[in-house]
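Residue 1129 is where the sequence shown starts when you use the working numbering, and the numbers rise one by one after that.
Worksheet for the structure shown next.
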Amino acid sequence: QQKTDDGILVLTLNRPEAMNCFNFDLLAQLADVIREANFDMNLRCIIITGSKAGDDPKKWSFSTGADLKERRTLSQDQVRRFIFTIRNAFTAVEQVRVPVIAAINGFAFGGGTELALACDIRVASSNVLMGLTETSLAIIPGAGGTQRLPREIGMQKAKELILTGRTFDAHEAEQLGVVLRVVPQAQLMPVAMELARAIAKNPRMSLIQAKLAINASQETMLSGGLQAENEAWIPCLLSDVWKEKLQRFQD
């Protein structure tokens, strides 16, 4: 992890020898960092990306999901514990107070796509290949994919992708609305940082409350969402930053 002076935390999944797939240790590290991010009063935005395995872009990966080598060593009870752990870790990413940007580079299969879906905004390099491929392994997405993908792209298309288990490239991901933007590999982190800085220039309170209200829109009817927006607006109204900005207009 690396934090900039303007309140941007860059988290890099760092198991390049295993294409950044998730084992218990990596999930524990991710969960710990995300938990602590909630209490960092200087934090404005988080970027999550994957480490690169050498110089060959064809071998780069955001994450290829669960570590199947570890999975083979686990009992059924331990597998249940793993699913519980990965689901909770990605939900923590979704619910962390500040906005999260996924800078997706290379392969993002299974849990890799599910982690990206848990982020607020997704930017992809042109070499990205994504997919919820679990049905091909006789299982289903277990870290939120069956719930978040339909919310992003609609029920029918999500069913097609999940039930076939097929992969899709960066440009299809952009067309589907899975990612916001596709950029050349060399521009991925500069573009992600530019977006993060545009977010980070705004007061922390407004970022937290706006994200809270937007997320509520996915969980309730319009009337409930409007109430959630009102409740999220009130802390902004009472903040010293808002009062200072309002004073500038009065002056």
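Even for Gly, the Cβ is constructed at its ideal location relative to N, Cα and C.
Check your understanding: From 1306, 1299, 1209, pick the residue whose C-alpha is nearest to that of residue 1156; which is it?
Key -> Mapped onto the sequence shown, residue 1156 falls at position 28. Checking every option, the nearest Cα to that of residue 1156 belongs to 1209.
Check your understanding: Since residue 1334 is in the beta strand (DSSP E), which residue starts that stretch and which ends it?
Key -> Taking the first residue of the sequence shown as position 1, residue 1334 is located at position 206. Where residue 1334 is concerned, there is no enclosing beta strand (DSSP E), although the alpha helix (DSSP H) it sits in stretches over 1332-1344.
Review point. By how many angstroms is the C-alpha of residue 1345 removed from the C-alpha of residue 1259?
Key: Within the sequence shown, residue 1259 is the residue found at index 131, counting from 1. Within the sequence shown, residue 1345 is the residue found at index 217, counting from 1. C-alpha separation (whole angstroms): 26 Å.
Point to revise | Minimum Cβ-Cβ distance from residue 1200 to chain B less than 8 Å | key: Here there is only one protein chain, and chain B is not present.
Review point. Buried or exposed: which applies to residue 1107, given that a residue is buried once 16 or more other Cβ atoms fall within 10 Å of its Cβ?
Key: The question about residue 1107 has no answer, for the chain in this structure spans 1129 to 1379.
Point to revise | Beta-carbon proximity check, residue 1234 vs residue 1255, cutoff 8 Å | key: Sequence index remark: in the sequence shown, residue 1234 carries index 106 (1-based). Sequence index remark: in the sequence shown, residue 1255 carries index 127 (1-based). Closer than 8 Å, so yes.
Practice item. With distances taken Cα to Cα, identify the nearest neighbour of residue 1170 among 1203, 1351, 1333, 1357. Key: The sequence position of residue 1170 within the sequence shown is 42, counting from 1. Comparing Cα positions, the closest option is 1333.
Point to revise | Within 8 Å, strictly: CB atoms of residue 1177 and residue 1321 | key: Locating residue 1177 in the sequence shown gives position 49, counting from the first residue. Locating residue 1321 in the sequence shown gives position 193, counting from the first residue. Not closer than 8 Å, so no.
Practice item. Compare the beta carbon distance of residue 1199 and residue 1207 with 8 Å and say whether it is the shorter of the two. Key: For the purposes of this step, residue 1199 is identified with residue 71 of the sequence shown, where counting begins at 1. For the purposes of this step, residue 1207 is identified with residue 79 of the sequence shown, where counting begins at 1. Taking 8 Å as the Cβ cut-off, residue 1199 and residue 1207 qualify as a contacting pair.
Exercise for review: Report yes or no: do the region 1299-1315 and the region 1156-1165 share at least 3 C-beta pairs separated by less than 8 Å?
Suggested key: In this structure the region 1299-1315 does not touch the region 1156-1165; the number of beta carbon pairs closer than 8 Å is below three.
Review point. CA-CA distance, residue 1301 and residue 1360?
Key: Within the sequence shown, the letter at position 173 stands for residue 1301. Within the sequence shown, the letter at position 232 stands for residue 1360. Distance from the CA atom of residue 1301 to the CA atom of residue 1360, rounded to whole angstroms, is 31 Å.
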